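Residue numbers (our numbering), protein chains in the order written: chain Z, 1 to 433; chain L, 434 to 793. Beneath this line is the structure, given in C-alpha cells, with notes to follow.
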Amino acid sequence: MARALDPHAAIATEATGLDAAGTLQTADGQPLSKALARSSRRARRRAFMLVLPLLLFILITFVMPIGQMLQRSVKNDGFSANMPQISAWFDANPRGSEPDEAAWAALAADLQASAEAKTIGVVGTRINYDMPGTRSLFTSAGRKVRGGIEPPYRDNILEFDEKWGDPQLWSVMREASSPYTSNFYLASVDRTRDEAGNIIQAPEQQRIYVKLFIRTFWLSLIITGTTFLLGFPIAHLLATLPLRKSNLLMILVLLPFWTSLLVRTTAWMVLLQQQGVVNDVLVWLGIIRDDQRLQMIFNQTGTIIAMTHILLPFMILPLYSVMRTINPSYVRAARSLGATSWTAFRRIYFPQTLPGLGAGALLVFILAVGYYITPALVGGSSGQLISNMIAMHMTQTLNWSMAAALAALLLGGVLILYWVYDRLVGIDNLKLG
Amino acid sequence: MKRTLILTSAICGLAFAAHAQDKEVNVVSWGGAYEKSQVEAYNKPFAEQTGIKVNMIAADNPATPLKAQVEAGNVTGDVFDIELSDAIRLCDEGALVEINADDLPAAPDGTAAVDDFVPGALQDCAVANIVWGTVISFDTTKFGDNPPKTAADFFDTEKFPGKRGLPKNPKRTLYLALIADGVAPDEIYDALGSDEGIERAFKKLDTIKKDVVWWEAGAQPVQLLADGEVTMTTVYNGRIFDAMVAEKKPFEVIWDGQYMDFDMFAIPKGAPHPEAAMEYLKFATATEQLANQAKWISYGPARKSSDALVGKYQDGVTDMGPHMPTKAEHLTTAVYDDPEFWADHSAELTEQFNTWLASS
C-alpha cells in the first residue's frame with residue numbers, strides 16, 4: 001500500500017475504525033492517538049535538531065559566561081581554600097568567641113603551608129578586599145613562618161605585627177572562611193561590615209558606587225530623551241519623503257552607523273575640545289573671547305553629546321520602520337473631521353508610532369547603560385559611568401569578584417526596567433522592523 | 434599498505450612540524466614605541482642568534498592577560514613585560530615561575546648579575562629590563578621667558594595659566610600633590626599611609642581640580658599637549674621623548690619629582706615554551722641588549738654596566754644621557770615605586786580617589 005508523504009495524512013487514510021474500547025485505530029492496529037503522538041514527537045525532534053546549534057551556541061557563549069560571572073560575584077575561595085585549619089576553627093566556634101591558642105596554632109600552620117605553596121598572596125589579597133592594608137600583613141608573616149614557627153603561637157605571631165590581634169581582622173577572616181560571601185555586593189552598594197558582622201555604611205570618602213549607578217541610569221535616560229527628540233523628526237522625514245530623497249537621507253543616517261565607534265568618538269574630541277573646531281569657529285565669529293572657550297568635553301556634556309550621536313541610529317531605525325507602515329489617510333481623515341494638525345499628530349499619528357518608540361527607547365537605554373569606551377574617552381571626571389568602574393576592577397585592581405558584583409547589579413537593574421516596561425507598555429508592542 | 438605508509442609519514446610530518454613550532458616564544462608587552470624598541474634591541478638579534486622566532490603581542494597592561502591565562506589554566510604567553518608591583522603580587526599568588534638570579538648572564542667585566550642590576554631590579558619571579566619615569570612636561574611656547582621648573586609650579590595656575598593633564602589613578606597623582614606641597618620624596622609613603630597625609634594630598638589636588646584634564650592611556654597626554662588642550666601634563670618620559678626628538682615638538686621636561694618604576698620580564702607557570710622563554714629572558718636582560726634598547730627609547734637600562742654603553746639615539750645626533758630618568762641629577766628628587774605599599778592600599782586609595790573625582 002502506497003504511503004502518503006505526510007505522516008498525519010497517512011494515519012488518517014490508514015485509520016480503519018474503532019477498537020473494543022471505542023478508540024480510533026490505524027491500519028496496523030495501533031491506537032490512533034498514540035500513533036499521532038509518535039509522529040508529532042518525531043516532527044518536534046526534527047525541529048529541535050534544527051535549532052540545536054543555536055541553542056548550544058547561546059548556552060556556551062552567553063548563558064555559561066554570565067553564570068560564571070554571577071558565581072564569581074559571590075564566590076571567592078582565596079582564603080578558605082588555602083587556610084583550611086583556621087577555617088575549620090571558625091566553623092566550630094561561634095561568632096564572638098575569643099581566638100584561643102588552638103586558633104592561633106591553626107593560623108600558624110595555615111600560614112606556613114600557604115607560604116610554602118606560594119598561595120599566601122591570594123589569601124592576603126582576599127582579606128585586603130574587605131580590610132585594606134592587610135595584604136602585606138599576610139605576605140610578610142608568610143615569609144617569616146616559612147622556616148617553621150614555635151609555640152606559643154599567639155605571642156609569636158603577635159610579635160610579627162601587632163595588627164594580628166585586631167578583632168576587625170579576625171571578623172574579616174571569619175567572613176572569608178566561607179567560599180561564598182555577600183561582601184562584594186555589599187561593597188557595590190557602599191556598605192561594609194563592622195567587627196560584630198553588622199552591615200553598616202562605608203566611610204564617606206569611599207561611597208562611590210550608588211552615586212555612579214544613579215548617574216549611569218540618569219545619563220542613560222537623558223541620552224534616550226535626546227535621541228528621541230533628534231531622531232523622531234528625522235524618522236518622520238525618512239518615512240514621508242519620496243523614495244529617492246529618503247534613500248539619500250537614509251545613507252546619511254547609516255554612514256556614521258557603519259563607522260567605527262572609536263573614530264566617531266575621537267572625531268567628537270577634535271570638534272569639541274577647547275582648542276577644537278567648534279570653539280575656534282565661535283572665537284573667529286567673535287561670539288566668545290579667546291580666554292572664554294567653552295568646556296564641552298571631558299565632562300558630562302561631552303558624554304551626552306557623543307553618546308547621543310552614536311546611539312541615534314538605534315532610535316531612528318525602529319521609529320522609521322514603524323512610521324513607514326502608518327497609513328497617511330488616518331491623519332487626513334482626522335484633519336477633514338476638524339482636528340488641528342497638532343491634535344491630529346497627538347491623537348492619531350503619535351500613538352501609532354509608540355511600538356517603534358518603545359523599541360528604540362529600550363535599545364538606546366540598555367546600550368547606554370553599559371557604554372564604556374565613549375565615557376572613558378570624553379567623560380572626564382564627571383561623565384564616568386558604572387561600566388568604567390567595572391573595567392577598572394577588571395584591568396587595574398584585578399578584583400574580578402567586585403567587577404562581577406557590579407556587573408550583576410547592572411544586569412539586575414536592566415532586567416527590572418525591562419519588566420517595568422513590559423508591565424507599562426507591554427513587550428508585544430515592541431517593534432524593531 | 435601503501436595507504437598506511439602515507440598516513441604514518443603524514444603523522445611524522447605533523448609531529449615534526451609541531452616540534453619545529455617549539456622554536457618560538459610569545460612575548461606580551463605594551464605596544465607602541467616601547468614595543469618597537471624591544472623588537473629592535475631584543476627580538477631581532479635573539480632570532481638571529483638562536484633561530485627562535487619571537488611573536489610580539491601587545492596588551493594595555495600585560496598583567497591582566499597573564500592573570501586571566503593562569504586562572505583559566507590556558508597560558509599562551511611565555512614572557513610578560515609587567516610593572517614591579519604586579520610582578521611581586523603575581524609572584525606571591527603563585528602565578529609566576531621563580532627565577533634564579535645566578536642563572537642570569539654576568540656583565541662583560543665579569544660582575545655577577547646580582548651586583549650588576551640596580552637595587553630592586555631583581556625579584557623572586559621577575560627581572561627588570563628598564564627603569565622609567567613619570568615626569569611633568571610643558572609646552573615651551575606657552576610660558577615665554579619664565580618657564581615652570583618644579584612640581585610646585587604644576588599646581589600654580591596663576592603664574593602658569595592653562596589646563597593640566599593628570600592620569601586618572603591615585604598612584605601617579607597623590608605623590609605629586611605631596612611633593613608640590615613640600616613633602617620630601619623619601620617621606621611620601623609615610624604620608625600616604627596616614628589619613629592626614631591623604632587628606633593633604635587631596636586638598637592640594639583640590640586647588641587644580643577644575644583645571645585638570647584626566648588621561649588614561651599613555652598616548653593621551655602627548656596628544657593633549659600637542660593639541661594645546663593642556664599647557665602642562667604628567668607623562669611617561671619615553672613617550673614625551675619620542676614627541677620631542679622624533680616629532681620635534683616644542684616640549685620640555687621637568688624632572689623634579691619624577692616617579693620611578695621598573696618594567697620587568699616574568700614567565701607565567703604553565704608557559705607553552707618555558708625553555709625558550711628563559712633563554713629569551715636571559716638574552717634580553719644582558720648588558721648589551723639593555724644598552725641597545727636606549728637607542729630606540731629613553732628608558733634607563735636596569736643594569737649598571739649598560740649605562741656606559743648608552744650613546745646616541747637612532748638618529749645619530751641626540752645624546753641619550755640627558756634624557757635618561759636614571760641620570761644622577763634627575764634622581765635627587767625622584768620618588769621610587771613602593772610595590773608593597775600599593776599592593777596593600779591600591780584598592781582603598783583607588784576607591785577614595787574615584788569618590789573624590791565624582792564629587793564636585
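Note that CB positions come from ideal geometry on N, CA and C, so glycine has one too. Just so we're clear, the structure is a prediction, and the values are computed from it rather than from any experiment.
Any beta strand (DSSP E) of 3 or more consecutive residues that is wholly inside the stretch 368-423 of chain Z: none
Residues that DSSP places opposite L/Asn459 in a beta bridge: L/Asn488
Taking the straight line between their C-alpha atoms, what separation do you get for L/Ala474 and L/Thr751? 18 angstroms
Is there a Cβ of chain Z sitting closer than 9 angstroms to that of L/Gly651, yes or no? no
Can you name the residues that DSSP bridges to Z/Pro31? Z/Gln25
State the Cα-Cα distance for the pair Z/Ala407 and Z/Phe184, rounded to the nearest angstrom. 11 angstroms
According to the Cβ coordinates, are L/Asn569 and L/Thr666 closer than 9 angstroms? With the sequence shown as reference, residue 569 of chain L is identified as Ile, and Asn is not the correct amino acid for it. Going by C-beta atoms, L/Ile569 is nearer than 9 angstroms to L/Thr666.
Distance cutoff 9 angstroms, beta carbons only. Does Z/Tyr371 sit that close to anything in chain L? no
Okay, do the stretch 676-685 of chain L and the stretch 539-554 of chain L touch, 3+ Cβ pairs below 8 angstroms being the bar? no
Alpha-carbon to alpha-carbon, Z/Met173 and Z/Lys163: 13 angstroms
If the cut is a Cβ gap below 9 angstroms, which residues of chain Z does L/Lys575 touch? Ordered by position in chain Z, no residue passes the 9 angstroms Cβ test against L/Lys575, which lies about 12 angstroms from the chain.
Just list the residues that DSSP pairs L/Arg597 with in beta bridges. L/Val645 and L/Met665
Would you mind working out which of L/Arg605, L/Asp644 and L/Gly484 sits nearest L/Ala709, comparing C-alpha positions? L/Gly484
Verify whether the separation of the beta carbon atoms of Z/Gly435 and Z/Thr227 is less than 9 angstroms. No information on residue 435 of chain Z is available, as it lies outside the stretch 1 to 433 that chain Z covers here.
Going by beta carbon distance, what residues of the same chain come within less than 6 angstroms of Z/Ala404, once the five residues before and after it are set aside? Met69, Arg72 and Ser73
Could one say the Cβ of Z/Asn327 lies closer than 9 angstroms to chain L's Cβ atoms, at least one of them? no
Partner residues on chain Z for L/Lys637, Cβ-Cβ distance less than 9 angstroms: The contacting residues do not exist; L/Lys637 stays about 16 angstroms from chain Z at best.
Using 9 angstroms as the limit for Cβ to Cβ distance, is L/Gln785 near chain Z? yes
Check the Cβ of L/Val386 against every Cβ in chain Z and list those closer than 9 angstroms, keeping chain order. Nothing can be reported for residue 386 of chain L, as the shown portion of chain L is limited to 434 through 793.
Cα-Cα, which of L/Ala659, L/Tyr622, L/Glu632 and L/Pro541 is closest to L/Ala767? L/Tyr622
Compare the beta carbon distance of Z/Met392 and Z/Trp400 with 9 angstroms and say whether it is the shorter of the two. no
L/Gly598 vs L/Leu638 beta-carbon contact at 9 angstroms: no
For the beta strand (DSSP E) containing Z/Tyr349, name the first residue and the last one. No beta strand (DSSP E) contains Z/Tyr349, which DSSP labels as neither H nor E.
L/Gln653 in three-state terms, based on DSSP: helix
Please classify L/Ala501: does DSSP put it in a helix, a strand, or coil? helix
Which runs of the alpha helix (DSSP H), 4 residues or longer, sit entirely within the stretch 514-558 of chain L? 517-525 and 546-549
Could you run through the stretch 640-666 of chain L and flag, in chain order, every residue whose CB is less than 7 angstroms away from some CB of chain Z? Val646, Trp647, Glu649, Asp660, Gly661 and Glu662
Classify L/Asn725: buried if its beta carbon has 16 or more other beta carbons within 10 angstroms, exposed otherwise. buried
Thinking C-alpha only, which one of Z/Pro167, Z/Ala115 and Z/Tyr180 is nearest Z/Gly148? Z/Ala115
Only counting runs of 4 or more residues, tell me where the alpha helix (DSSP H) segments fall wholly within the stretch 554-633 of chain L, in order along the chain. 584-587, 607-613 and 621-625
By how many angstroms is the C-alpha of L/Met677 removed from the C-alpha of Z/Val420? 56 angstroms
So the beta strand (DSSP E) L/Phe786 belongs to, where does it begin and stop? Here L/Phe786 belongs to no beta strand (DSSP E); instead the alpha helix (DSSP H) covers Pro772 to Ala791.
Do Z/Ile297 and Z/Gly380 count as a contact pair if the criterion is CB distance below 9 angstroms? yes
Check whether L/Asp493 and L/Ala650 have beta carbons under 9 angstroms apart: yes
What number of angstroms, rounded off, separates the C-alpha of L/Asp542 from the C-alpha of L/Glu685? 37 angstroms
Other residues of its chain near L/Thr509: CB distance less than 7 angstroms, five sequence neighbours each side excluded: Asn459, Gln502 and Pro705
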